[in-house]
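What follows is one structure encoded as structure tokens, with my remarks underneath.
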Amino acid sequence: MLHLGSMPDTMEKPRTLLVGWISRLDLALELGLSVDTLRRWEAMRTGPPCVRAGRKVYYRRAAVEEWLEEQEQDAPRRRHAGGRR
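Going by the UniProt record's numbering, the sequence shown runs without a break in its numbering and finishes at 85.
What follows is the structure, given as structure tokens:
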């Protein structure tokens with residue numbers, strides 16, 4: 001039982017609210033990008049979709065995976081410039 005001013009026991013109930021979501025910093029680390037790059041992509045609306053909770057920005061992991069797959073499909077095929085065939 002909680003008393004006024006006491007901290008809740010974290011062993012009672014695991015946190016599940018953000019399961020499936022990743023912070024901007026964590027995503028930047030996983031993708032090997034800077035946080036500024038993700039900010040710029042958000043401003044240009046070219047990166048993966050995100051949501052804001054106050055000052056925090058979160059990405060749904062499934063949406064990031066979908067976005068990455070779209071980038072793969074949209075990538076132009078390069079032709080070899082010059083040279084013999």
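Glycine is no exception: its CB is placed at the ideal position from the N, C-alpha and C atoms.
The C-alpha of L25 lies about 26 Å from the C-alpha of D74.
Shortest Cα-Cα distance from G47 to any of R55, D36, K56, A53 involves D36. Within the DSSP bridge table, the entry for K13 names no partner.
Where R39 is concerned, the enclosing alpha helix (DSSP H) starts and stops at 35-44. Exclusion of the five residues before and after L27 leaves L38, Y59, V64 as the residues of its chain whose Cβ lies within less than 7 Å of its Cβ.
Our two residues, L17 and A62, have alpha carbons roughly 15 Å apart in a direct line. Of the candidates L29, E66, E42, E42 places its Cα closest to the Cα of V57.
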